[in-house]
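This report refers to the structure that appears directly beneath it.
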Amino acid sequence: MVYKALSKSAAKDDAADDSSSVKPRNKQRVLMLTSRGVTYRHRHLLKDFASMMPHGRVDAKYDQKKKLGELNELALSKAPNGPTCKFLVSNIHTMEELAFSGNCLKGSRPILSFDKSFDTEPHLQVIKQLFLQIMGVPPLQKRSKPFIDHVLSFSVADGRIFLRVYQVQETEPTKKDGAEGEEASEESKKKKSKHADKAKEFDISLLEIGPRCVLQPIIIQEGSFGGALLYENKHFVSPNQVRADLRRKGAAKSNSRAEQNINRQSKMGGLGLRTDGDQKPVDQLDSRELFA
Amino acid sequence: MGIDIKKLKEKRRLKERAKVKAKRTGSRSGAKKIPEDDQDEEEDDEEDDDGDVEGGALVSQEDEDDDDESADEEDAPAIDLAALDESSDDSSVDFEEKIERPKKLKQQPKSKDTAPAPTASKKPAEDEDEDEEEEGEEDDEIDWADLPEEEREDLVPRTRININNTTGLLASLKRFAIPTDGSTTFASHQSLASKEPTADVIGEDLMDDIKRELAFYAQALDAAKRGRALLKAEGVPFSRPTDYFAEMVKDDGHMEKVKAKLIEEASAKKASAEARKLRDLKKFGKQVQVAKLQERQKAKRETLEKIKTLKRKRSETGGGDLGTHEADLFDVGVENELKSYNKKDSSQRGRPGIKRQKKNEKFGFGGKKKHSKSGDAESSGDLSGFSVKRMKGGAAKGKTPKTARLGKSRRKAGAAKR
Numbered sequence: 001m002v003y004k005a006l007s008k009s010a011a012k013d014d015a016a017d018d019s020s021s022v023k024p025r026n027k028q029r030v031l032m033l034t035s036r037g038v039t040y041r042h043r044h045l046l047k048d049f050a051s052m053m054p055h056g057r058v059d060a061k062y063d064q065k066k067k068l069g070e071l072n073e074l075a076l077s078k079a080p081n082g083p084t085c086k087f088l089v090s091n092i093h094t095m096e097e098l099a100f101s102g103n104c105l106k107g108s109r110p111i112l113s114f115d116k117s118f119d120t121e122p123h124l125q126v127i128k129q130l131f132l133q134i135m136g137v138p139p140l141q142k143r144s145k146p147f148i149d150h151v152l153s154f155s156v157a158d159g160r161i162f163l164r165v166y167q168v169q170e171t172e173p174t175k176k177d178g179a180e181g182e183e184a185s186e187e188s189k190k191k192k193s194k195h196a197d198k199a200k201e202f203d204i205s206l207l208e209i210g211p212r213c214v215l216q217p218i219i220i221q222e223g224s225f226g227g228a229l230l231y232e233n234k235h236f237v238s239p240n241q242v243r244a245d246l247r248r249k250g251a252a253k254s255n256s257r258a259e260q261n262i263n264r265q266s267k268m269g270g271l272g273l274r275t276d277g278d279q280k281p282v283d284q285l286d287s288r289e290l291f292a
Numbered sequence: 001m002g003i004d005i006k007k008l009k010e011k012r013r014l015k016e017r018a019k020v021k022a023k024r025t026g027s028r029s030g031a032k033k034i035p036e037d038d039q040d041e042e043e044d045d046e047e048d049d050d051g052d053v054e055g056g057a058l059v060s061q062e063d064e065d066d067d068d069e070s071a072d073e074e075d076a077p078a079i080d081l082a083a084l085d086e087s088s089d090d091s092s093v094d095f096e097e098k099i100e101r102p103k104k105l106k107q108q109p110k111s112k113d114t115a116p117a118p119t120a121s122k123k124p125a126e127d128e129d130e131d132e133e134e135e136g137e138e139d140d141e142i143d144w145a146d147l148p149e150e151e152r153e154d155l156v157p158r159t160r161i162n163i164n165n166t167t168g169l170l171a172s173l174k175r176f177a178i179p180t181d182g183s184t185t186f187a188s189h190q191s192l193a194s195k196e197p198t199a200d201v202i203g204e205d206l207m208d209d210i211k212r213e214l215a216f217y218a219q220a221l222d223a224a225k226r227g228r229a230l231l232k233a234e235g236v237p238f239s240r241p242t243d244y245f246a247e248m249v250k251d252d253g254h255m256e257k258v259k260a261k262l263i264e265e266a267s268a269k270k271a272s273a274e275a276r277k278l279r280d281l282k283k284f285g286k287q288v289q290v291a292k293l294q295e296r297q298k299a300k301r302e303t304l305e306k307i308k309t310l311k312r313k314r315s316e317t318g319g320g321d322l323g324t325h326e327a328d329l330f331d332v333g334v335e336n337e338l339k340s341y342n343k344k345d346s347s348q349r350g351r352p353g354i355k356r357q358k359k360n361e362k363f364g365f366g367g368k369k370k371h372s373k374s375g376d377a378e379s380s381g382d383l384s385g386f387s388v389k390r391m392k393g394g395a396a397k398g399k400t401p402k403t404a405r406l407g408k409s410r411r412k413a414g415a416a417k418r
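Same order as they appear, the protein sequences are chains A and B. For the first sequence, position 274 matches number 274 in UniProt numbering, and the numbering has no gaps at all. For the second sequence, position 184 matches number 184 in UniProt numbering, and the numbering has no gaps at all.
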């Protein structure tokens, strides 16, 4: 695939230069673009992501005709000198085709839910930070909405990263412990409005929004779309390779069949069972010879 | 293109270093190993830090390459010895191949693309495993010799170096990471890590859709709950007020579609359930009908049988003891009963069906029209219109019949009047 995200962290860098006491702020913008030759699915997936990232900007296609083999890859990269991670994207389901009933505000900030295993290995830590900075909406973003109503969930299983998006739905709880709820509301004095008080009692349930996809890390590079290789996934087998292997297997099979056929023909020819094969010398005791 | 070259260089560098390491450690005493590695790691760190500057990384790489080369040359004689030493406990094949290696090194120390001899380098690789892991470099090509037969076959065409430059990764992480620990507010990043790895929750079977999605759901739900608590604690508004309307990710048209799909699904489900119910009912109804028919047949058979047995009894006893009158009466009764059965059947057989009758009534078919006026046995045998009295006495008594014919003149006058 196809979709490359750059985050421009110029502002962040400036802040760091001015005074060392200023911590790097979460403030970045994302440029999204696809390469040539993507299918509608990839396009729709990109559109779905774009709709959820108010800090993103979709640009025209990246016009690079030569590297069509790189389709189905997703690259997340920090600009100007952050690391880049390339993923193989599989199992794409866009919002449109999933038809989940969940929905959320356009541009509200998501809660990012990471698997615990993201903290275990260095390459996963890097990937986590990339997701955090690129998929997460920075605070006080211009076009973002002030409420939180969806969760982006990243889980690791079998060396792949599963991406899911859920809506947070607050529903009235069943009347089981009203007294407790009242106490809780008394405790929460920070909330100003009556509504917020109520919200405390609400149960949370999730509704899936979509899209879904599975990402398999391929490499991590030091620079932005370049630089030294920091990590390469040993288990990654490119789809081209898989396809080639399949074809080769088929070819080997058909070759062996053809060979068998030729062997059989020659064998039959040797036994004199074919008209065009070499004929056996006629035996003297052959009935055709005897009764001629 | 620039990237590719860099990649190549990086690969080459890593390989070279691994090999040099192997030789060094092989030739020197084990005590020296660890400090050396540490030193190298430190160098790495420094280089990575310098790497921020464009091109800085490149320069440092080249420097390193040079170092390695010089090291190679220095170590070359030592390698021979080491190889010889080690080969003493290995097979003769190992011995040969090991002798070859230093030559290659001398001729072209930079091109390491030649296929490694797996059996030859197996032994030293095992020795060096710890060191390599410390550096984060593992030579996959060497390991595959230990693998079982089938797996080896799979791997052969696509063996690649597993690069996992841990120190580099961590350094780069340090460079661009946004703090997510206690030092900043939760609202600045809004990211949460789950309490336990989701892979464990899913279990072994990743293809189990329900289980997998449930695990994801649980992870997200947990994050949502904790996130809400944290945000509330920081005084950040969480839930959207009911009167706050704004553009949604899915527009109304989309939601309409979703709704339509849901409804369609539900109705399809309902329809299929209903159809099944009907089908079952039909099946059951048929059964009932069949049962009824069978019952009727059975009843008929039973009565007939009863009658037959009764009759046989009668004939056997021959009506000896009982009065003949009584026996006659009984026989008559039986006959009648049998006749009624037969009559019913025969009468029903001769007549057309109800449908035909109704149609005949409606469309006026009352039998054949041809020969309807010609006499037949019945009509000639019908003497209802015949009376002897009229035939004999009537003619004898009164000469004038009631309707006597008028005279000719009167008849003519009557005709003219009309």
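In this text, a Cβ means the ideal position worked out from N, Cα and C, and glycines have one as well.
Close-in-space but distant-in-sequence residues of the same chain around residue i (CB under 7 Å, 5 per side omitted)
i	result
residue 316 of chain A	Given that chain A is displayed from residue 1 to residue 292, the structure contains no residue 316 of chain A and the question cannot be resolved.
residue 81 of chain A	223 and 224
residue 114 of chain A	128 and 154
Sheet register partners of residue i (DSSP bridge)
i	result
residue 202 of chain A	In DSSP, residue 202 of chain A forms no bridge with anything.
residue 58 of chain A	A/32
residue 171 of chain A	A/203
residue 165 of chain A	A/152
residue 114 of chain A	A/154 and B/193
residue 368 of chain B	For residue 368 of chain B, which the question treats as bridged, DSSP gives no partner whatsoever.
residue 232 of chain A	A/219
residue 105 of chain A	B/248
Residue i classed as buried or exposed, judged by whether at least 16 other C-beta atoms fall within 10 angstroms
i	result
residue 300 of chain A	A query on residue 300 of chain A cannot be resolved here, the shown segment of chain A reaching from 1 to 292 and no further.
residue 161 of chain A	buried
residue 79 of chain B	The pLDDT assigned to residue 79 of chain B is 42, lower than 50, so where the model puts this residue is not dependable; a value taken from the coordinates is nonetheless given after this. Classification of residue 79 of chain B: buried, given that the 10 Å Cβ count is 16 or more.
residue 250 of chain B	buried
residue 303 of chain B	exposed
residue 166 of chain A	buried
residue 156 of chain A	buried
residue 280 of chain B	exposed
residue 241 of chain A	exposed
residue 186 of chain B	buried
residue 48 of chain A	buried
residue 290 of chain B	exposed
Beta strand (DSSP E) segment containing residue i, residue limits
i	result
residue 32 of chain A	29-33
residue 92 of chain A	84-93
residue 217 of chain A	212-223
Cutoff 6 Å; reference residue i; Cβ partners in own chain excluding five residues on either side
i	result
residue 68 of chain A	At residue 68 of chain A the pLDDT is 41, less than 50, meaning the model places this residue with poor confidence and gives no usable figure here.
residue 274 of chain A	268
residue 20 of chain A	Bear in mind that a pLDDT of 32 at residue 20 of chain A, under 50, signals an unreliable position, so the model cannot answer this.
residue 354 of chain B	none
residue 104 of chain B	Unreliable positioning characterises residue 104 of chain B in this predicted model, as indicated by a pLDDT of 39, which lies under 50. The coordinate reading is nonetheless provided below. Hits under 6 Å: none found.
Start-to-end residues for the alpha helix (DSSP H) that takes in residue i
i	result
residue 228 of chain B	209-233
residue 267 of chain A	239-270
residue 244 of chain B	Careful: residue 244 of chain B lies outside any alpha helix (DSSP H) and carries neither H nor E.
residue 272 of chain B	252-317
residue 155 of chain A	No alpha helix (DSSP H) holds residue 155 of chain A; the beta strand (DSSP E) holding it covers 150-157.
residue 176 of chain B	166-176
residue 238 of chain B	That residue, residue 238 of chain B, is in no alpha helix (DSSP H); it is neither H nor E in DSSP.
residue 129 of chain A	122-134
residue 381 of chain B	377-381
Sequence-distant residues of its chain with Cβ nearer than 8 Å to residue i (five each side left out)
i	result
residue 214 of chain A	89, 90, 91, 160, 161, 162 and 163
residue 289 of chain A	282 and 283
residue 148 of chain A	108, 109, 110, 111 and 168
Residue j beta carbon less than 8 Å from that of residue i
i	j	result
residue 218 of chain A	residue 230 of chain A	no
residue 134 of chain A	residue 58 of chain A	no
residue 194 of chain B	residue 223 of chain B	yes
residue 206 of chain A	residue 151 of chain A	yes
residue 53 of chain A	residue 210 of chain A	no
residue 225 of chain B	residue 127 of chain A	no
residue 132 of chain A	residue 254 of chain B	no
residue 214 of chain B	residue 158 of chain A	no
residue 228 of chain B	residue 238 of chain B	yes
residue 172 of chain B	residue 83 of chain A	yes
residue 130 of chain A	residue 45 of chain A	no
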